[in-house]
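All the letters of the sequence shown, read from the start, carry residue numbers -22 to -1, 1 to 104 under mature numbering (1 follows the signal peptide of the UniProt record, and there is no 0).
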Amino acid sequence: MTSRCIPAIFLWICVLFSFCMGKLHLLCYYIMTQAGLANDCCLSVGKKEIAFSFLTGYEIQDIAKGCAINAVVLITRKGLKLCVAATDEWVKKVVARIDKETERFLQSIRTYTLILDRQCGKFMQF
């Protein structure tokens, strides 16, 4: 490995770390629901639209998982969880955009990994 690869590897690690921390809450939610622990369910939903720029992710609340209503729980940059109706058109658009942004980010990680593999050799495999 050459010295010019060290900054690139460091950048890749920083990007991957920040992405993983941003999505850790989704993993924890999944683990808790699969373990049979009590669900934290929305009892009602808000009608006010939330700007996409304030959001980092979402969770789906489903009646099948023991909650009283179907809802989408939007997660803000500050970690607040806001319950909104899953059937609202603006909610569907926000969820689709979050999914698209997440996929775009994952694709950039894959592309960057391929570039590093070519420049520095295979240093990490998924």
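Every residue, glycine too, gets a C-beta built ideally from N, C-alpha and C.
Identified DSSP bridge partners for residue i
i     : result
Val73 : Val73 pairs with nothing; no bridge assigned.
Cys61 : Val51
Ile38 : Val50
Gly24 : Val62
Coarse secondary structure for residue i, derived from DSSP in three states
i        : result
Leu15    : Confidence is the limiting factor: at Leu15 the pLDDT is only 49, short of 50, which leaves the residue's position unreliable, though a coordinate-based value still follows. The answer is coil: DSSP assigns Leu15 none of H, G, I, E or B.
Leu33    : strand
Glu81    : helix
Lys56    : coil
Cys98    : helix
Ile(-10) : helix
Rounded Cβ spacing between residue i and residue j (contact assumed at less than 8 Å)
i     : j     : result
Gly35 : Ile53 : 5 Å
Ala49 : Cys20 : 4 Å
Glu67 : Val51 : That pair is no contact at about 18 Å.
Phe30 : Arg75 : 6 Å
Contact with chain D by residue i, beta-carbon distance below 7 Å
i     : result
Asp40 : Structure shown: chain D not included; a single protein chain is present.
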